[in-house]
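Here the sequence shown stands for residues 814 to 1364, numbered as in the numbering used here. Heads up, the beta-carbon is just placed ideally off N, CA and C, and yes, glycines get one too. Small disclaimer: the values here were computed from a predicted structure and weren't measured.
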Amino acid sequence: MNYKELADMIFPDVKEISYYENKYPKRLLPEGAVVTRFAPSPTGFVHIGGLYQALVAIMVAKKTNGVFFLRVEDTDQKREIENGVTDIVNSLKNFDMAPDEGMISDTEEIGEYGPYKQSLRKEIYQAYAKYMLEQGKAYPCFCTPEEGEEIRQKQEKAKVRTGYYGVWAKCRNLSVEEMAEKIKAGEKYIIRFKSPGREDRKIKHKDIIKGNVDFPENDQDIVIIKADGLPTYHFAHSVDDHLMGTTIVIRSDEWLSSVPLHLQLFQELGFKAPKYAHISPIMKNDNGNKRKLSKRKDPEAAVSYYEELGIPSLAVKEYLLNIANSTFENWRRQNKDKSIEEFDFQLNKMSVSGALFDMVKLCDVSKLVISKYTAEEVYNNAMDWAKKYDEELVNILKDKEYSLKVLGIERGNAKPRKDIAKWADMKENIEYMYDNIFFEKNCEYPYQKISDKESIKKILELYLEKYYDENDDKQVWFDKIKDLSEEMGYAREVKEFKANPELYKAHVGDVSTVLRVALTTRTNTPDMYEIMQVLGKESVQKRLKLAIEKL
Ligand code: GLU
814 MNYKELADMI FPDVKEISYY ENKYPKRLLP EGAVVTRFAP SPTGFVHIGG
864 LYQALVAIMV AKKTNGVFFL RVEDTDQKRE IENGVTDIVN SLKNFDMAPD
914 EGMISDTEEI GEYGPYKQSL RKEIYQAYAK YMLEQGKAYP CFCTPEEGEE
964 IRQKQEKAKV RTGYYGVWAK CRNLSVEEMA EKIKAGEKYI IRFKSPGRED
1014 RKIKHKDIIK GNVDFPENDQ DIVIIKADGL PTYHFAHSVD DHLMGTTIVI
1064 RSDEWLSSVP LHLQLFQELG FKAPKYAHIS PIMKNDNGNK RKLSKRKDPE
1114 AAVSYYEELG IPSLAVKEYL LNIANSTFEN WRRQNKDKSI EEFDFQLNKM
1164 SVSGALFDMV KLCDVSKLVI SKYTAEEVYN NAMDWAKKYD EELVNILKDK
1214 EYSLKVLGIE RGNAKPRKDI AKWADMKENI EYMYDNIFFE KNCEYPYQKI
1264 SDKESIKKIL ELYLEKYYDE NDDKQVWFDK IKDLSEEMGY AREVKEFKAN
1314 PELYKAHVGD VSTVLRVALT TRTNTPDMYE IMQVLGKESV QKRLKLAIEK
1364 L
């Protein structure tokens, strides 16, 4: 009995690896092109950290005219959740991050290097496991889980590293005959890698993000094929990223410590190892403590959260790029109209320790993104969101012609309004512009500096009687507010007021605030002239009269 015969006995029906090596030839790519992938497991909701990794992988691939593919890692079938694959595919689609190759639905895929779902690649892994067995680089292990536990306890008692290695690796030194006999006798087994490593030797790894890291060599005889015939993550990673031609493995840094094992597997399989870039997790400031965004504790960990709030996917992506490369923000400032694909993303400039997630900052980015939308785009996006999440907003927006005017206020100019961060804020943001809501709501009037009833009443009455003319252009309109201010003894210019504060009770800005509050019940609104234009004469008069009544 030799290794070859043992391998045939274990995997009688699998193909030679040369079949797969020919079936998946080396990719013909332009010089410098990089192949990256997103390889999630469908075991839970799509995490913002996953989206972050995928975005980074896309940026790197696109920048080099390379390939980005999606591989579903579903070898842990016990942990798989319903709709897991669909959620992943849809999330990428919603964020306009559809892969060049890979799964495009739960069952369909595109690309020449598939299947892109690991559970459909069983015979491929087995072919490579057989190849390892043939060379004596892998072996069947007959230890039961109970025996494994026994070994672990002994190791703990002896205060040595736990695991299946060296003298502890019981099945490692069985003869081929003994192995064959056990198999014939029907004993259950898994396949282990026969590690050639020694723990007292070091390897050097140069990670694109983490830089130079030294590790002890791997000496663990890890499982490569499990009892269900499927591979472990480690083995599938080597086989898949080899056959699929990944040139840079971009993944979470929880895998950094597995690099010695992975490099060894590539070596023993005769594959060229990819480069690695290990991404630090997104962190959160929790009352002064920096910790990982948690799947259980933090709603913002779920990608669906942003959709539910109505934060545009582009805003989320821009924000993620912000925390991925600190130079992005500056680039964005200088290149307001460029698409994010044009940003020269640098993998090696990513944070080694983990970027801090900041919802306020994300909202600022989102405000900027939405400020560049046309009124029509705001309308369509908000309406799509509202149909799913907010019926009241649907009702508000129903009058499309009027809504476009409302949303068009201070938009499309050099300094567009930046007050909307998410569609969930829209209602609150615009409802005062709709007479049916405005006159129904009994809002307080938050008058500011000029707050005595008499003065307010006089300002509003005088404005209505003498100064309001819906046909005035903006200059005339504002001059009239100045005239009104002067007539009532307020400074007609702010600077006059500042020069001689003792001469005046208030200034033109304070008078404007009275008008603004009376018209909208808000102290902060976009441009008041535009608001009045959109409201129209009838509404303006009615609102001012109501404000007088309510004094
Ligand atoms: N399926 C692994 C995970 O979700 C992927 C790691 C990798 O990208 O290689 O953690």
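Residues sharing a beta bridge with L883, DSSP: Per DSSP, F851, G915.
Span of the beta strand (DSSP E) around P1029: 1024 to 1029 is the span of the beta strand (DSSP E), which, as asked, contains P1029.
Nearest candidate by alpha-carbon position, reference D1041, set F1251, L1359, E936: That would be E936, whose Cα lies nearest to the Cα of D1041.
Helix, strand or coil at M1341 [DSSP, three-state]: DSSP, read as helix, strand or coil, puts M1341 in helix.
Contact test: R1064 Cβ vs the ligand GLU heavy atom, cutoff 7 Å: Yes.
Residues near I1022 in its chain [Cβ-Cβ closer than 7 Å; skip 5 each side]: Correct list, in chain order: A1090, H1091, I1092, L1160, N1161, M1163, V1165.
Exposure of Q1288, with buried meaning 16 or more beta-carbon neighbours within 10 Å: It is exposed - the Cβ of Q1288 has fewer than 16 other Cβ atoms within 10 Å.
Neighbour-count burial assignment, Y832, 16 or more Cβ in a 10 Å radius: That one is exposed.
P853 CB to nearest heavy atom of the ligand GLU below 7 Å: Yes, the Cβ of P853 comes within 7 Å of a heavy atom of the ligand GLU.
G857 vs R884 beta-carbon contact at 8 Å: At least 8 Å separates the beta-carbon of G857 from that of R884.
Residue range of the beta strand (DSSP E) that includes Y1317: No beta strand (DSSP E) holds Y1317; DSSP gives it neither H nor E.
Reference D1282; option with closest CA among K1235, G1225, M1345: For the set K1235, G1225, M1345, the Cα lying nearest the Cα of D1282 is the one of M1345.
Secondary structure, alpha helix (DSSP H): runs of 4+ residues fully inside the stretch 854 to 909: The DSSP assignment places 861 to 876, 897 to 907 as complete runs of the alpha helix (DSSP H) inside the stretch 854 to 909, in order along the chain (cut-off: 4 residues).
Inter-stretch contact (C-beta, 8 Å, three-pair minimum) for the stretch 1262 to 1270 and the stretch 1317 to 1335: Between the stretch 1262 to 1270 and the stretch 1317 to 1335, the count of Cβ pairs shorter than 8 Å is three or higher; the stretches touch.
Strand pairing of K1019, partner residues [DSSP]: The partner list for K1019 (beta bridge, DSSP) reads N1025.
H1050 Cβ short of 7 Å to the ligand GLU heavy atom set: Because some heavy atom of the ligand GLU lies under 7 Å away, the Cβ of H1050 counts as near it: yes.
W981 CB to nearest heavy atom of the ligand GTP below 7 Å: As for the ligand GTP, it is missing from this structure, which binds only the ligand GLU.
D1099, enclosing beta strand (DSSP E) - first and last residue: Judged by DSSP secondary structure, D1099 falls within the beta strand (DSSP E) whose first and last residues are 1096 to 1099.
Separation of K1097 from K1103, as counted between CA atoms: Using only the alpha carbons, I get a separation of about 6 Å.
F1170 - DSSP class collapsed to helix/strand/coil: Secondary structure at F1170: strand, using DSSP grouped into helix, strand and coil.
Cα-Cα separation, M1239 to G1167: Going by the C-alpha atoms only, they are around 33 Å apart.
Whole-angstrom distance between I830 and L841, CA atom to CA atom: When the Cα atoms are used, L841 and I830 turn out to be separated by approximately 21 Å.
Residue range of the beta strand (DSSP E) that includes N1255: Where N1255 is concerned, there is no enclosing beta strand (DSSP E), given that its DSSP letter is neither H nor E.
Residue interval of the beta strand (DSSP E) (run including A1237): Per DSSP, A1237 is not a residue of any beta strand (DSSP E), being assigned neither H nor E.
Contacting residues, own chain, Cβ-Cβ under 8 Å from N1138 (five flanking each side not counted): Non-local beta-carbon contacts of N1138 in its own chain, meaning distances under 8 Å to residues more than five positions away in sequence, involve F1156, F1158, Q1159, K1162, M1163 in chain order.
Proximity test, Y1046 beta-carbon vs the ligand GLU heavy atom, cut-off 7 Å: Residue side-chain check: Y1046 places its Cβ nearer than 7 Å to a non-hydrogen atom of the ligand GLU.
Any non-hydrogen atom of the ligand GLU within 7 Å of W1068 CB: It does: the Cβ of W1068 is within 7 Å (strictly closer) of some heavy atom of the ligand GLU.
Beta-ladder partner(s) of K972, from DSSP: Its beta-bridge partners do not exist; DSSP assigns none.
I894 burial status per 10 Å Cβ neighbour count (16 or more: buried): I894 comes out exposed.
Neighbour-count burial assignment, T920, 16 or more Cβ in a 10 Å radius: Counting Cβ neighbours within 10 Å, T920 comes out exposed, since fewer than 16 surround it.
A867 to L1056 span [Cα, whole Å]: In this structure, the alpha-carbon of A867 lies about 20 Å from that of L1056.
Among R1329, N1337, P1339, Y1342, nearest to R1356 - alpha-carbon criterion: It is R1329 whose Cα lies nearest to the Cα of R1356.
Limits of the beta strand (DSSP E) - the one that R1064 falls within: In the DSSP assignment, R1064 falls within the beta strand (DSSP E) that extends over 1061 to 1065.
Supposed close pair L864, V1182 - CB separation, criterion 8 Å: In this structure L864 does not touch V1182 by the C-beta definition: roughly 16 Å separates them, more than the 8 Å allowed.
beta-carbon E886 near the ligand GLU non-hydrogen atom, thresh 7 Å: Yes; taking the cut-off as 7 Å, the Cβ of E886 has a heavy atom of the ligand GLU nearer than that.
contact_flag[the stretch 904 to 918, the stretch 1120 to 1128] where n(CB pairs < 8 Å) is 3 or more: Contact check between the stretch 904 to 918 and the stretch 1120 to 1128: three or more CB pairs, one atom from each, fall below 8 Å, which counts as touching.
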